[in-house]
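K.L.:
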Amino acid sequence: YESMSLAERQRLHLEIGQFLGSMASIDCSPAFDQLQLNDQAFFAGRSMTSSLISLACDQINSAGPESISDHGEGQIKRKFAEWNLSAGQKSSHQSNFRAALYYFSKGIAFL
Numbered sequence: 524y525e526s527m528s529l530a531e532r533q534r535l536h537l538e539i540g541q542f543l544g545s546m547a548s549i550d551c552s553p554a555f556d557q558l559q560l561n562d563q564a565f566f567a568g569r570s571m572t573s574s575l576i577s578l579a580c581d582q583i584n585s586a587g588p589e590s591i592s593d594h595g596e597g598q599i600k601r602k603f604a605e606w607n608l609s610a611g612q613k614s615s616h617q618s619n620f621r622a623a624l625y626y627f628s629k630g631i632a633f634l
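At position 42 of the sequence shown the residue is numbered 565 (our numbering), and the sequence of numbers has no breaks.
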């Protein structure tokens, strides 16, 4: 990892974050979250899905918005901002306000 250039590290974090984010999809039902894994949906507790979203955001935030080119990538940046919004909301519902502020501010940076 340390022998990689900064651009390679950012690309790696971005790929890991996109992979983790693709593993989780948010369902707004109050009792459970739907998790999409290998094209098969199953239901998991909120903590598992919120953990995947938080992990995805952590990786994407490590890459940063500057690692995404501006050539038609506005939709991707918006998606990452929405993921950070979701992670921030879940953190605030768990009374982890410091983490919520972190995700909200990182999400804004993608806009």
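Beta carbons are placed, not taken as given, at the ideal position from N, Cα and C, and that holds for glycine.
List in chain order: all unbroken beta strand (DSSP E) runs of 3+ residues lying wholly within the segment 583 to 613.
P.N.:
None, since the segment 583 to 613 contains no complete beta strand (DSSP E) of that length.
K.L.:
So Tyr626 is in the alpha helix (DSSP H); what residue range does that whole segment cover?
P.N.:
From DSSP, the alpha helix (DSSP H) with Tyr626 extends over 620 to 632.
K.L.:
By the DSSP assignment, the alpha helix (DSSP H) with Gln541 in it spans what residues?
P.N.:
Start and end: 529 to 546.
K.L.:
Using only alpha-carbon positions, find the residue among Ser592, Gly597, Ala604, His594 that is nearest to Asp581.
P.N.:
The option with the nearest alpha carbon to Asp581 is Ala604.
K.L.:
Take the Cβ of Phe542 as the centre, count every other Cβ of all protein chains shown within 10 Å, and call the residue buried at 16 or more, exposed below.
P.N.:
Exposed is the call here.
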